[in-house]
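Here the structure is laid out as structure tokens; the discussion comes afterwards.
Numbering (my numbering), first residue to last: 9 to 253.
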């Protein structure tokens, strides 16, 4: 049975990704900052008939938590087929490029970039043992430099420089990791799940968690001829006029 680790999987898009991977026959480790939240998510999936799931305490901002999660999963499997780096935070959306503090920047980057790097590097040895290892980094259309370089387009007046910068950096990390692994069986991609109705967006959006999960799982299941080192966004969107996030 193939195995997968999904970070930030106790609710929202992460939980949906875990659900869909379990439906595809994977044994899924649900990374959750609070173990009790992860265990509650596992109970929810088990009640739906999906029993190949297990909660793992994983705070991506804490190296000791990453090491403990790697040790715990390593005791149960010697191979990891899929890693979905879903855990992310928005920070305060009132931050501006002129006034955001270094502490605010560090807090968001700690989860959205450094957390991804830490988890990926910790589990790379297990992924290397898979026949078709896949890494999916959850990004956003709001990280597009090309789009947001259009300073006069009123559709893009909503700008969240701290959050957006962290995800743009994540995209660059993704393509560089893919470049280093280009001669292997790895597929490493960044994917935008879309403007999704979850806690993250105040339950506003144009996509359901199920639709967002499908967009991400597609790249976790890529065949050997699939793309790598790319960014994908199936639902391109400008921030709506009443954007709460």
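Where is the CB? At the ideal position from N, CA and C, for every residue including glycine.
Query - Residue interval of the alpha helix (DSSP H) (run including residue 127) - result: Residues 123-136.
Query - Of the listed residues 25, 88 and 94, nearest to residue 16 (C-alpha basis) - result: For residue 16, the nearest C-alpha among the options comes from 94.
Query raised in the report: Tell me which same chain residues have a C-beta within less than 7 Å of the C-beta of residue 113, skipping the five on either side of it?
Result: The beta carbon of residue 113 is closer than 7 Å to those of 170 in its chain, skipping five residues each way along the sequence.
Report task. Kindly identify the DSSP beta-bridge partner or partners of residue 65. Result -> DSSP lists 40 as the beta-bridge partner residues of residue 65.
Query raised in the report: From this set, 133, 53, 155 and 128, which residue's C-alpha is nearest residue 146's C-alpha?
Result: Looking at 133, 53, 155 and 128, the one whose alpha-carbon comes closest to that of residue 146 is 128.
Report task. Measure the alpha-carbon distance for residue 60 versus residue 19 and round it to whole angstroms. Result -> Near 17 Å, if we compare the C-alpha coordinates of residue 19 and residue 60.
Report task. Out of 167, 144 and 70, state which residue places its alpha-carbon closest to the alpha-carbon of residue 104. Result -> Nearest C-alpha to residue 104: 167.
Query raised in the report: Between which two residues does the beta strand (DSSP E) containing residue 147 stretch?
Result: Unbroken run through residue 147: none, as it is neither H nor E.
Query raised in the report: What three-state label does DSSP hand residue 11 in the structure shown?
Result: Residue 11 sits in a strand when the DSSP states are folded into three classes.
Query raised in the report: When DSSP labels each residue in this structure, what does residue 91 get in the three-state scheme?
Result: DSSP, reduced to helix, strand and coil, places residue 91 within a strand of the structure shown.
**Report entry** Distance between residue 111 and residue 10 (C-alpha atoms, nearest Å)
**Finding:** Each residue's alpha carbon lies about 40 Å from the other.
Requested in this report: Kindly indicate the opening and closing residues of the alpha helix (DSSP H) around residue 195.
Outcome: For residue 195, there is no enclosing alpha helix (DSSP H); the enclosing beta strand (DSSP E) covers residues 195-200.
Requested in this report: Determine the extent of the alpha helix (DSSP H) in which residue 73 is found, giving its start and end residues.
Outcome: For residue 73, the enclosing alpha helix (DSSP H) starts and ends at 71-82.
Report task. Pull up the DSSP beta-bridge partners for residue 239, would you. Result -> 198, per the DSSP bridge assignment.
Query - Buried versus exposed, by CB contacts within 10 Å (16 or more), residue 232 - result: Exposed, since its Cβ has fewer than 16 Cβ neighbours within 10 Å.
Query - Alpha carbon of residue 13 to alpha carbon of residue 92, nearest angstrom - result: Straight-line Cα distance between these residues: approximately 6 Å.
Query raised in the report: What residues in its chain sit with their C-beta under 6 Å from that of residue 179, if we drop five residues either side in the sequence?
Result: These residues qualify, in order along the chain: 147, 151, 198 and 239.
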